[in-house]
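Here the structure is laid out as structure tokens; the discussion comes afterwards.
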Amino acid sequence: MKTGIPTLRLLTLALVPFLTDCATPKTSAPPVVAGSEAVKPLDAVDELDDYGAAAEVADPLEGLNRATFKLNDGLYNFVFRPVSKGYEFVAPQPVRKGLTNFFDNVKFPVRFVNSGLQGKFVRAGKEVQKFGVNTIVGAGGLVKVSDKIPSLVAVPSEDTGQTLAKWGLGHGPYIVLPVFGPSTARETVGFAGDYVLNPVNWGFFLKGDARDWVWIPSTVNTVQSLPDQLYYYDEACKNSVDPYLSVRSIYIQNRNSAAGQ
């Protein structure tokens, strides 16, 4: 049984980034939910937008990117989609909602640090308030109590990619990463920053026997995110003549919108 743990751990490490970057813009909740990032929902981007924004990012690796996109599409449909369906089958909706709230609450350091790095100290203070009330009153974050507080209900999320954009860094070339999905040079660096700041991943920096359990929270985090991520991916590709261009366009539009908050 021990011999299977390293393999499982490697698989888990490959799956973890799917939480935020697999095939969609970085959005922390369905677009109509208060508190999500101030970006257009995927299904609000019309067909003309798919191609009108296509030239907004350099894509010198388009051939390779398209091949990776096709590979990812197979992974999403034949690996992640069955896992997602299984999760939805065994976990009732209230359980799924509670887990989503919990892991969103845990990502507090990502939002707090990046709010501070952008000089948005009022927003950073609100993140502290949200974390406090959701953790203490909301049973460790399982219940998003902050959604019932007017001053905290619509606080846009901040991440490292947005911080780099605020500091004047451009996107750089568009990149489709294996498993992770659409990105750019800037957003890839930003993702690395988010990964380090997310407490869910801190266990991977431990050594010795303590590492034997660290794959559990990251695995649960990945699985609980799959239904929403696949929904966004399907919306981006739906009715599109060229899904690759559609996903690229929507991703860039959403990231630009998030950076302009």
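Under the working numbering, the first residue of the sequence shown is numbered 1225, with each subsequent residue one higher. The beta carbon of each residue, even a glycine, is placed where N, CA and C say it ideally should be.
field: C-alpha distance - Asn-1329 paired with Tyr-1311, whole-angstrom precision
entry: Their Cα atoms are separated by approximately 21 Å.
query: The beta strand (DSSP E) spanning Val-1400 covers which residue range?
result: Start and end: 1398-1401.
- request: List the endpoints of the continuous beta strand (DSSP E) containing Ser-1407.
  value: Unbroken beta strand (DSSP E) run through Ser-1407: 1405-1408.
field: Contact check, Asp-1418 vs Asp-1452, beta carbons under 7 Å
entry: No, the pair does not count as a contact, with Cβ atoms beyond the cut-off.
- request: Out of Pro-1467, Gln-1448 and Thr-1387, point me to the one whose CA is closest to Gln-1317's CA.
  value: When C-alpha distances from Gln-1317 are compared across Pro-1467, Gln-1448 and Thr-1387, the shortest belongs to Gln-1448.
query: In whole angstroms, what is the alpha-carbon distance linking Gln-1477 and Asp-1466?
result: One C-alpha to the other measures close to 17 Å.
Among Arg-1320, Asn-1358, Ile-1399 and Val-1413, nearest to Leu-1388 - alpha-carbon criterion: Put simply, of Arg-1320, Asn-1358, Ile-1399 and Val-1413 the residue whose alpha carbon is nearest the alpha carbon of Leu-1388 is Val-1413.
task: Within the same chain, show all residues whose beta-carbon is closer than 7 Å to that of Phe-1355, passing over the 5 residues directly before and after it, in chain order.
output: So the qualifying residues of the chain are Asn-1329 and Phe-1332.
message: For a test of the three-state rule: what should DSSP assign to Ala-1291, helix, strand or coil?
response: If DSSP states are grouped into helix, strand and coil, Ala-1291 belongs with the helices.
- request: Quick one: grab the DSSP three-state call for Ser-1442.
  value: Ser-1442 falls in the helix class under three-state DSSP.
task: Give the straight-line distance between the Cα atoms of Glu-1286 and Val-1420, rounded to the nearest whole angstrom.
output: Cα to Cα, Glu-1286 sits roughly 29 Å from Val-1420.
field: Presumed contact (8 Å Cβ cut-off) between Phe-1293 and Val-1403, rounded CB distance
entry: The pair is not a contact, with the Cβ atoms about 12 Å apart (cut-off 8 Å).
- prompt: Could you give the C-beta distance for Val-1352 and Ile-1373, rounded to a whole number, given that I count them as a contact under 8 Å?
  reply: Contact flag wrong, Cβ pair sits at about 13 Å.
- prompt: Terminal residues of the continuous alpha helix (DSSP H) containing Ser-1339?
  reply: According to the DSSP assignment, Ser-1339 belongs to the alpha helix (DSSP H) that extends over 1332-1341.
- request: For Pro-1284, name the three-state secondary structure that DSSP assigns.
  value: If DSSP states are grouped into helix, strand and coil, Pro-1284 belongs with coil.
query: Helix or strand or just coil, what does DSSP make of Trp-1426?
result: Helix.
- prompt: Which term fits Gly-1486, buried or exposed, when burial requires 16 or more other beta carbons within 10 angstroms of its beta carbon?
  reply: Residue 1486 lies beyond the residue range present for the chain, which begins at 1225 and ends at 1485; the question has no answer from this structure.
message: Is the separation between the beta-carbon of Tyr-1468 and that of Arg-1290 shorter than 7 Å?
response: Cβ distance < 7 Å, so Tyr-1468 and Arg-1290 count as in contact.
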